[in-house]
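Residue numbering for the sequence shown follows the working numbering, beginning at 88 and increasing consecutively.
Positions of the beta carbon are idealized from the N, C-alpha and C atoms, including for glycine.
Each remark here refers to the structure printed beneath this line.
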Amino acid sequence: MRFLVIAYLLTGCQKKGAVEMETEIESEIELSEESTSAITQDMSETEVDGSVYGLGEDRFETNTSEAISVEESILDVEDCFYYTALTEEIKERITGKSYPDTEESLQISYEDLAYVHVLHYDFQAQVQEGELICNQSIAQDLVDIFHELYESQYPIEKIRLIDEYDADDEASMADNNTSCFNYRTVPGRTKLSNHSYGCAIDINPLYNPYVRTSDGKELISPDNAVPYADRSADFPYKIDKNDLCYRIFTEHGFRWGGAWNSSKDYQHFEKVS
Ligand SMILES: [Zn+2]
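If you want it as structure tokens, here you go:
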């Protein structure tokens, strides 16, 4: 079992390895007159100051050609929590979906956004990869928060880009998908949501619906979340003020939609500077 998890993690974090490999090749060309040890030293500085940002300042070199030890597998887990600027491939994945393909000027640019890679425990207590797009300003917060949630084995069913649902928020919520950036308005209004700036995130949204009143009628999003709108009921994956997710996000300066007065958005955390 342990080795299955290790093999999975190595596969799951290949994207970061690829980024590091490219950086290494460029550095070696630029620093061809330097000694090998100087190159290695420069590499560690490049990683910290460059396009890949992880949990801490100590970076680890991974030698994939050798047998995998348990100790190395622990380092690999740490390497799976990181953020980068959007690559061309990621821009292609989101453009025309969560990121509008339009000539009109947007309130956000690709450069304002970051790609975040994490691991999480699903509802079967299996380790899964998670991907998020968020504002650069909260990227390090999300890396740290999801690492803390992972260490506590906090259950999150899935963390996929909303682009896998064609940026359809209702479909993503109904599938209980955790997501962040989506250039859209607040439901029922013309105002842009904080998700448009990548400053808001929705966690386990099926079990933590958005509940509001319109024309005297209670509206619950997603549609299939009606059983979970009654917050006095007892059910799993419920975010409340005793919940670990609530505690960690608020410690990082996020506000919780479940504490709003005019509506209740139990899935929603946002940090707007
Ligand atoms: Zn939200």
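Under the DSSP definition of a beta bridge, which residues are partnered with Gln215?
Partner(s): His207.
Span of the beta strand (DSSP E), counted from its first residue to its last, around Ser301
Its beta strand (DSSP E) spans residues Tyr297 to Ser301.
In chain order, what residues have a CB nearer than 5 Å to some heavy atom of ligand 2?
Of the ligands this structure carries, namely ligand 1, none is ligand 2.
Okay, do the stretch 307–324 and the stretch 245–264 touch, 3+ Cβ pairs below 8 Å being the bar?
The stretch 307–324 is in contact with the stretch 245–264.
Leu279 versus Glu165 - alpha carbon distance:
In a straight line, the C-alpha of Leu279 is about 35 Å away from that of Glu165.
Just how far apart, CA to CA, sit Ser349 and Tyr197?
If I take the Cα positions, the gap works out to 32 Å.
DSSP three-state label for Asp317, please.
For Asp317, the secondary structure class from DSSP, reduced to helix, strand or coil, is coil.
Suppose the cutoff is 7 Å on Cβ atoms and the five residues either side in sequence are ignored; what does the same chain contact list for His207 look like?
These residues qualify, in order along the chain: Gln215, Gly217, Phe233, Leu236, Tyr237, Ile243 and Ile246.
Measuring straight from C-alpha to C-alpha, what distance separates Glu109 and Glu176?
Note that Glu109 scores a pLDDT of 41, beneath 50, so its modelled location is shaky and nothing firm can be said.
For Ala320, collect the residues of the same chain with a Cβ closer than 8 Å to its Cβ; drop the 5 residues on either side in sequence, then sort them by chain order.
These residues qualify, in order along the chain: Pro314.
By a C-beta neighbour count over all protein chains shown, 10 Å radius and 16 as the cutoff for buried, is Ala212 buried or exposed?
Looking at its Cβ environment, which holds fewer than 16 other Cβ atoms inside 10 Å, Ala212 is exposed.
State the Cα-Cα distance for the pair Val273 and Arg180, rounded to the nearest angstrom.
Their backbone Cα atoms lie some 23 Å apart in a straight line.
Just the C-alpha distance for Tyr324 and Asp209, rounded to the nearest angstrom, thanks.
The straight-line gap separating the alpha-carbon atoms of Tyr324 and Asp209 is approximately 11 Å.
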